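Reading through the C-alpha cells given below for one structure.
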Amino acid sequence: MNKTFALTRMLWKNGSGLFGKSIGKSGSRVKSYLLTALLFVAFLPLAFTLGTFIAKLYDVLAPIGQEGSLLGFGLAASSIVIFVFGIFYVINVYYFSQDVEHLLPLPVKPSQILAAKFMVTLVYQYVTEMFLMVPLLIAFGLKSGAGLLFYVYGAIVFAALPVIPLVIASIIAMIVMRFTNVAKHKDRYRMIGGAAAIIVGLGANMLFQRYTRASLNPQELQDMLQSGNNSFLDTAVQMFPTVKFAATALLNELAWKGLAGLVLFVALSALVTVVFMLLGEWLYFRGVMGMSESGSKRKALSSSEFAKETKQNSALTAYLIKEMRILIRTPAYFLNCVLMCFLWPVLLLLPVMAQSGGRGALESLGEFITNSDSSGAVLCVGFALFLFVAGANNTSPTAISREGASMFVNKYLPVPYGTMILAKTLSGFVLCMITMVLLLGVGAAVLHLSPLLVVLLALVGIPGMLLVTFFGILIDINFPKLHWENEQKAVKQNINVLFSTLISVALAAAVVFLGFYFQLSLPVAFTGIMVIFVVLNVILYRVLMTKGPLWLNKIEG
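Laid out in C-alpha cells, this is it:
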C-alpha cells in the first residue's frame, strides 16, 4: 500500500499541470499556486449562482415533502458528469501518458501501477466534483438546518461518489483500447480506439437516460409528488441508481438508517474498486504494452510522385500544414483538440435527446427562436455559444506548449516568428470554424433556424472565434508549458486552457447580458458585435505581430 501511495504521489507530482510543477523554466512554485488560487476565485461566482438556484428549488420542494429529491438529482447528475469527463481522463492518464513501460521495471506490482493511475484520475475528478457537489451540500445543509454530522457524511459521500462512475468509464475505455494495440500502425488505432471509447461511453449514457425516462408514468409521477415523504427520491436517482444509498445517508444522518446507507454506499464503492483491479490487470496491461512502438512503410516514388510530394508552398502554408498534421497524427492532440470539434453538437443535444420528449422540446425551442420578438437576444446567445466552444478548444492555448523540448528547433527554421504565430493561430481557428459550421448545420436541421439567422450567426462567429483564438495564443506565448514527458500533459494538464475558457465565458456572459438587458434588436446586436469584435481582433493581431516575435524569441526550449 505504501508503494501505491508513493507511486501515486510521483505520478501526480510529475504529471499535474495544475497543482504540480510550475509553468516553464522561468515560472516559480508561488506563481503556480497564485494562478491556481485565481482559477478557484474565478469559479466562485458560478458556485454561488448554483447554490442560490439550489436554495430556491429547496423552497419549492420542501412544502410538498420532496426536498430529498434535490439531493438525489444532484448526486445522480454529478455522477453522470464524472462519468462523461472520466472517459477523457482515463484515456489520457492510462494510455497517452506512455510511462507504463518505464514503470514496469520498478519493484512494484502491475496492480499497484493501475491503482496509482486510478487514484491520479480520481483526484482530477474531485476538482470537477467540487464545483457541483460543494454548492449542493452547503445550500441543502443551510436550508434544512442540518447539523455537523450532515457535513461529515457529506464529506464521506464526496470522497466516494466519483469511484463507481470512474470505474465504469475505465472499464469501457480499457475494453475498447484492449483491441487497438494489435495492429502495426498503433498511433492510428489508438486514435480510433480513444474516439470509439468516448462514443461508446456517451451512447451508453444516452440510452440509459432514455430508458429510465421512458419507464416513468406521468400519473405515477404526479402521485409521488403529492404523497410527500421524499417519495420522488427513487425516481430522481434512476439516472445513477447507486447514489440512492448516499442520498438516504444525507437525508437521515441522525438515524441508524442514514448510517446504514452510508456504510452500504462506501462498501459498494470499495467492492467495485476491487473488481475493477482484478479486471484491470487482464484488460489494461494487454492493451497498453508496446504502445510507444510505431510502424512505418517504405514506398518507391516515381519522378512525378516525388515532385508532387515535394511541391513547394509558402512558409505560412507549409507551417500550417505541419501544425495540422501533428494535431491529427498525435493521438493525445487528436482526442483533445480535433475530436472535440466534432463532439460539441453531440454533447449539446445529448441531454435533450436522452429524454422521451426530447424531439418535441427541440421543435418547441425552434418555434420560440423563429417567432421570438427578441431576435437580437437570440443572436447574442448563439454568438455566446460560439465563444464558449472556442474557449474550450485546447488548440490555441497550447500552441506553443506543444513544441515541448523541441522548441529550440523553431529558432533554426528559415521562417519568421510572426509567420509561425500566424500559422499556429490559423490551426486553432480552422478547428473552431469546423465546430461552428457543424453547430449551424445541426441548428438549421433540428431547430429549423431561418437562413437569415444562420448567415448572421456565421458572420458574427468568425470574429468571435478568431478573438478567442488570439487570446489563447497570447496566453500560451507568455506562459508556455514546455517541460513535459508526453503529449497529453501539454494539452490536458495545461492551466492555459482553463484561463482561455474563463476569458471566453466572461465575453459570452457580457454579450448575453447586454443583449437581454438592453433588449437589442437584430440589426443593432449584429452591428454592435461585428464592430466591437473586429476592432478587438485588429488590436490583438497587431500586438501578436509586433510583440509576439519578441516574446517567442525569449522562450528557451
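Numbering (my numbering), first residue to last: 721 to 1277.
We put the beta carbon where it would ideally sit given N, CA and C, even for glycine.
Keep in mind that this is a model prediction, so the values were computed, not measured.
Extent of the continuous alpha helix (DSSP H) to which K1274 belongs: To locate residue 1274, count along the sequence shown from 1; it is residue 554. G1268 to K1274 is the extent of the alpha helix (DSSP H) around K1274.
Taking only three categories from DSSP, how would you classify L1133? The count along the sequence shown starts at 1 and reaches residue 1133 at position 413. In this structure, L1133 counts as coil in the three-state DSSP scheme.
Close-in-space but distant-in-sequence residues of the same chain around V1244 (CB under 7 Å, 5 per side omitted): Mapped onto the sequence shown, residue 1244 falls at position 524. Counting only Cβ-Cβ distances below 7 Å, and skipping sequence neighbours, we find G1096.
Following the continuous alpha helix (DSSP H) through S1121, name the residue where it begins and the one where it ends. Stepping through the sequence shown from its first residue, residue 1121 is reached at position 401. Unbroken run through S1121: none, as it is neither H nor E.
Hey, out of A969, I1249, A1210 and W1271, whose CA is closest to G1124's CA? Position 404 of the sequence shown holds residue 1124. Taking only the C-alpha atoms, the option nearest G1124 is A1210.
Would you report the Cα separation of W1271 and M894, rounded to the nearest angstrom? Along the sequence shown, one-based indexing puts residue 1271 at 551. Along the sequence shown, one-based indexing puts residue 894 at 174. Cα to Cα, W1271 sits roughly 42 Å from M894.
Terminal residues of the continuous alpha helix (DSSP H) containing L1202? To locate residue 1202, count along the sequence shown from 1; it is residue 482. L1202 -> no alpha helix (DSSP H), and no H or E assigned at all.
Return the chain-ordered list of same chain residues with a C-beta closer than 8 Å to the C-beta of A1250, the five sequence neighbours on each side being excluded. Here residue 1250 corresponds to residue number 530 of the sequence shown, with the count starting at 1. A quick correction: the sequence has Met, not Ala, at residue 1250. Closer than 8 Å at Cβ, skipping near neighbours: L1179, V1180 and P1183.
So, helix, strand or coil for H1168, using DSSP? Looking up residue 1168 in the sequence shown gives position 448. The answer is coil: DSSP assigns H1168 none of H, G, I, E or B.
With contact counted as at least three CB pairs below 8 Å, one residue from each stretch, are the stretch 801–809 and the stretch 979–993 in contact? no
Under the rule that 16 or more other beta-carbon atoms within 10 Å means buried, what is S1170, buried or exposed? Numbered from its first residue, the sequence shown carries residue 1170 at position 450. Under this definition S1170 is an exposed residue.
What's the C-alpha gap between S742 and Q786? Here residue 742 refers to the residue found at position 22 when the sequence shown is read from its first residue. Here residue 786 refers to the residue found at position 66 when the sequence shown is read from its first residue. Its pLDDT being 41, under 50, S742 is placed unreliably in this model, and the value from its coordinates should be taken loosely. Straight-line Cα distance between these residues: approximately 47 Å.
Sorted by chain position, which residues of the same chain lie with C-beta nearer than 7 Å to Q1208's C-beta, five sequence neighbours on each side aside? Position 488 of the sequence shown, counting from 1, holds the residue named residue 1208. Only N812, F816, S817 and A1052 meet the Cβ criterion.
Along the chain, where does the alpha helix (DSSP H) that runs through A782 open and close? In the sequence shown, counting from the first residue as 1, residue 782 sits at position 62. Counting along the chain, A782 falls outside any alpha helix (DSSP H), and DSSP gives it neither H nor E.
Proximity to L970 [Cα-Cα], best of A880, L869 and I888: For the purposes of this step, residue 970 is taken as residue 250 along the sequence shown, with counting starting at 1. Of A880, L869 and I888, the residue nearest in Cα terms is L869.
For the ligand FMN, I want to know if T769 counts as a neighbour, meaning its beta carbon is within less than 8 Å of at least one of the ligand's heavy atoms. The ligand FMN is not part of the structure shown, which contains no ligands of any sort.
Would you kindly report the start and end of the unbroken alpha helix (DSSP H) that includes F1054? Walking along the sequence shown from the start, residue 1054 turns up at place 334. Counting along the chain, F1054 falls outside any alpha helix (DSSP H), and DSSP gives it neither H nor E.
Going straight from the alpha carbon of S935 to that of L790, what length do you get? The residue given as residue 935 occupies position 215 in the sequence shown. The residue given as residue 790 occupies position 70 in the sequence shown. Annotation note: pLDDT 49 at S935 (below 50); position unreliable, coordinate value reported separately. The alpha-carbon atoms of S935 and L790 are separated by roughly 20 Å.
Using 8 Å as the threshold, is the stretch 1049–1063 in touch with the stretch 1193–1202, meaning 3 or more CB pairs across them? no
Taking its Cβ as the centre, do 16 or more other Cβ atoms sit within 10 Å of A1165, making it buried, or is it exposed? As a working mapping, residue 1165 is identified with position 445 in the sequence shown. Counting Cβ neighbours within 10 Å, A1165 comes out exposed, since fewer than 16 surround it.
Reference G1086; option with closest CA among A836, L1173 and A975: Taking the sequence shown and counting its residues from 1, the one referred to as residue 1086 is at position 366. With distances taken between Cα atoms, G1086 lies closest to L1173.
I'd like to know whether the C-beta atoms of M997 and A835 end up nearer to each other than 9 Å. Translated into the one-based positions of the sequence shown, residue 997 becomes position 277. Translated into the one-based positions of the sequence shown, residue 835 becomes position 115. Their beta carbons are under 9 Å apart, which means M997 touches A835 by this criterion.
Look at the alpha carbon of Y814 and the alpha carbon of I891, and state the distance between them as a whole number of angstroms. To locate residue 814, count along the sequence shown from 1; it is residue 94. To locate residue 891, count along the sequence shown from 1; it is residue 171. Spanning the two alpha carbons is a distance of roughly 11 Å.
Given 8 Å, three or more beta-carbon pairs between the stretch 843–855 and the stretch 818–834: no
Given A767, which residues of its chain have a CB within under 8 Å of its CB, disregarding the five upstream and five downstream residues? Residue 767 sits at position 47 when you count from the first residue of the sequence shown. The residues are F851, V854 and P855.
Quick check on the DSSP output: the alpha helix (DSSP H) that includes E1321 runs from which residue to which? A question about residue 1321 goes unanswered here, because the residues of the chain that appear run from 721 up to 1277.
Residue range of the unbroken alpha helix (DSSP H) whose run includes G1096: Locating residue 1096 in the sequence shown gives position 376, where the first residue counts as 1. Looking at the DSSP string, the run of the alpha helix (DSSP H) that includes G1096 is S1095 to A1112.
Quick one: Cα of L1003 to Cα of R898, how far? Translated into positions along the sequence shown, residue 1003 becomes position 283. Translated into positions along the sequence shown, residue 898 becomes position 178. Each residue's Cα considered, the two are about 6 Å apart.
As a quick exercise: from K977, L886, V1157 and G1148, pick the residue whose alpha carbon is nearest that of F1054. Taking the sequence shown and counting its residues from 1, one reaches residue 1054 at position 334. Nearest option by C-alpha distance: G1148.
Checking 9 Å against the spacing of the C-beta atoms, do S1116 and T1189 come in under that value? Residue numbering aside, residue 1116 sits at position 396 when the sequence shown is read from its first letter. Residue numbering aside, residue 1189 sits at position 469 when the sequence shown is read from its first letter. Yes, the Cβ-Cβ distance between S1116 and T1189 is below 9 Å.
Looking only at C-alpha atoms, which of T841, F985, I802 and P830 sits nearest to K1212? In the sequence shown, residue 1212 corresponds to position 492, counting from 1. The option with the nearest alpha carbon to K1212 is T841.
Among G865, L979, K837 and L781, which one has its Cα closest to the Cα of V877? Here the question's residue 877 lines up with position 157 in the sequence shown. Per the Cα distances, L979.
Which same chain residues end up closer than 6 Å to G1000 when comparing Cβ atoms and leaving out the 5 residues on each side of it in sequence? By one-based count along the sequence shown, residue 1000 stands at place 280. Only L834 meet the Cβ criterion.
For K829 versus L731, is the C-beta distance shorter than 9 Å? One-based indexing of the sequence shown puts residue 829 at position 109. One-based indexing of the sequence shown puts residue 731 at position 11. Not in contact: K829 and L731 (Cβ atoms no closer than 9 Å).
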